[in-house]
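Asker: One structure, pasted below without further comment.
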Amino acid sequence: MAYTTLQELNDRYGENLLVELTDRGEVSTGAVDVNTVAQAVEGAGAVIDGYLHGRYTLPLSETPPLIADLATAITIYRLHVYEASDKIQSEYKDAVTALRDIAKGTIRLPIAGVEPTGSDETGVKITDRERPLEASKMTGFI
């Protein structure tokens, strides 16, 4: 699922960076290659879905702002053929960390999710079994 758009990428990073990252042909066109961006957006969506799969029902009914923000960070990182700048790498690492926290349940999204499986019981389980060491059975030892 696409959690970000070309317009959101353009608003956050600027058209010049997108042209620089996507115009990879023999002859430079000076324009954003929409197909390259679409592939990166799809890849970022697959990564996000992988983390959300066990906790939320996919596809999401709506895209929370946090997920859209994480998707833009992952997408721009994926568009880099060579090494990304420190800022882009830092945003990517933060996005993956946030996704791990979402998968663990540390960060909760404001959408309907899958209820975690567990028992209805809470607390300590106590069993009532025969006690092997009682005073009546320990004759001769005391």
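Using the working numbering, read the sequence shown as starting at -6 and increasing by one per residue.
Where a beta carbon is used, it is the ideal one built from N, C-alpha and C, also for glycine.
Note that the structure is a prediction, hence the values are computed from the model and not measured.
1. Measure the CB-CB distance between alanine 66 and tyrosine 85 and report whether it falls below 7 Å.
2. Secondary structure at tyrosine 49, three-state DSSP: helix, strand or coil?
3. Does the region 42 to 51 touch the region 69 to 82, meaning 3 or more C-beta pairs lie closer than 8 Å?
4. Quick one: is alanine 128 buried, meaning 16 or more other Cβ sit within 10 Å of its Cβ, or exposed?
5. Less than 8 Å between the CB atoms is what I'm expecting for proline 57 and leucine 126, so what's the real figure, rounded?
6. Let me know if threonine -3 comes out buried or exposed under the rule of 16 or more other beta-carbons within 10 Å of its beta-carbon.
7. Check each candidate in Gln32, Ile119, Lys118, Ile60 and name the one with the smallest Cα separation from arginine 93.
Answerer: Quick look at the numbers:
1. yes
2. strand
3. no
4. exposed
5. In fact, because the Cβ distance is near 58 Å, the residues do not count as touching under 8 Å.
6. Counting Cβ neighbours within 10 Å, threonine -3 comes out buried, since at least 16 surround it.
7. Considering only alpha carbons, the answer is Ile60.
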